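The next block holds one structure in the form of C-alpha cells; read it before the comments.
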Amino acid sequence: MPAGDADDGDDNRDDTNSRRRTADAPPCGGEDADTSLIGDVAADDLHDDATLSLTPEQHQRLKDGLHGARFDDVRRASRRYLVVGSGSGESGARRRRACTQLDDRRDAVAFRLEEFGFDAEDLDLWAPAFEVLSAQATWVVGVIEDFDGGHVWELGYLYRQQTSVRDVLWLLKRVYDDLETQRAQYENGMAASHLAALEAAVGDRVVEWATPDELESAVERVP
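Per my numbering, the very first residue in the sequence shown carries number 4; after that it's consecutive.
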C-alpha cells in the first residue's frame, strides 16, 4: 500500500485545488457545455442555484459556522480531506478513526461537516456549507457502510455535483461476506443508483473493505 505520508499526487493536485478553493461563499455556475456526464444526468440538474440562495441572516449563520478557527486550520493545510459518511454508532466511530488517520499526516487536515456546528435546525445551510467545504478539499473521502442516515443526502449531493467532484472523490465502501446482509445494508434504490454512478465516475478510486484493519489499509490508499 502507498505510504500515508507520501507526497505522490500533490503536484498534480495543484491546478485542481486552485480551481476548487473559495474564500467566503459557495461557488455557483454550471460546468462547460462539453463536460461529459455520468449516469445520464442532464446539465441543468448538476447545479441547482436555488438551493444556494440564502437570506442575509442565513448567509451570516453560514459565515459564523465556517469562518472560525477550524476553517482557518483547513485553509492553512497543504492537504485537505473532507470525510463524509455515517455520523453515529459503530460506523460513525470508524469514520472518525479514518478522519483521524488522515489528519495525522504531515501538513494535512481532515474534517467533517458536523465539526462546524451545523445541526438539525440548520438543514437549510447544509448544502451551501458542504459546497464550500468540498471546494476547499484536496480530496473528498466517502466512508460508506450502508444507506441508513444523513450521509445518504451527501451521496445525493455528490451525485448531482459529480462533474465538479469526480476528480477529487475517493469511495471507501464496506462489503459484507453474507449476501443477505449486503442487500439489507444497501437497500435503497435511489441511493444505490447514485453510488453506482459515482463508482463509475471515480473508477480506481473505489476501495472495498470488510474489516477495520482493511479500512485502515483503504485509507492509506488515499494520497
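From the three backbone atoms N, C-alpha and C, an ideal C-beta is built for every residue, glycine too.
Predicted, not measured: the structure shown is a model, and the values here were computed from it.
Beta carbon of residue i nearer than 8 Å to that of residue j
| i | j | result |
| --- | --- | --- |
| residue 188 | residue 219 | no |
| residue 111 | residue 82 | yes |
| residue 152 | residue 90 | yes |
| residue 141 | residue 171 | yes |
| residue 101 | residue 222 | yes |
| residue 132 | residue 119 | yes |
| residue 150 | residue 190 | yes |
| residue 146 | residue 98 | yes |
| residue 114 | residue 77 | yes |
| residue 225 | residue 105 | yes |
In DSSP terms, what residue i is bridged to
| i | result |
| --- | --- |
| residue 173 | 144 |
| residue 84 | 113 and 142 |
Contacts around residue i, its chain only, beta-carbon distance under 8 Å, and the 5 residues preceding and following it disregarded
| i | result |
| --- | --- |
| residue 27 | Note that residue 27 scores a pLDDT of 40, beneath 50, so its modelled location is shaky and nothing firm can be said. |
| residue 80 | 110, 111 and 112 |
| residue 121 | 68, 128, 129 and 132 |
| residue 207 | none |
| residue 216 | none |
| residue 25 | Legend: pLDDT at residue 25 = 41, less than 50; position of this residue unreliable, no value from coordinates given. |
| residue 43 | Low local confidence applies: a pLDDT of 32 at residue 43 is under 50, so the model's placement there is unreliable, and no value is given. |
Cβ neighbours of residue i in the same chain (closer than 7 Å, five flanking residues each side left out)
| i | result |
| --- | --- |
| residue 137 | 85, 143 and 168 |
| residue 197 | 158, 159 and 162 |
| residue 61 | 127 and 128 |
| residue 193 | none |
| residue 57 | 65 and 131 |
| residue 185 | 178 and 179 |
| residue 209 | 174, 176 and 202 |
Spatial neighbours of residue i in its chain, beta-carbon cut-off 6 Å, leaving aside the 5 residues before and after
| i | result |
| --- | --- |
| residue 35 | Residue placement at residue 35 is poorly supported in this model, since its pLDDT is 39, which falls under 50; the coordinates still yield a value, given next. The answer is none, since no qualifying residue turns up. |
| residue 94 | 148 |
| residue 164 | none |
Residue i at chain D interface by Cβ criterion, 8 Å
| i | result |
| --- | --- |
| residue 170 | Protein chains in the displayed structure number just one, and chain D is not present. |
List in chain order: all unbroken beta strand (DSSP E) runs of 3+ residues lying wholly within the region 194–225.
-> Taking only runs of at least 3 residues, the beta strand (DSSP E) segments lying wholly in the region 194–225 are 209–212.
Counting pairs of Cβ atoms below 8 Å between the region 173–180 and the region 200–207, do you hit three or more?
-> The region 173–180 vs the region 200–207: in contact.
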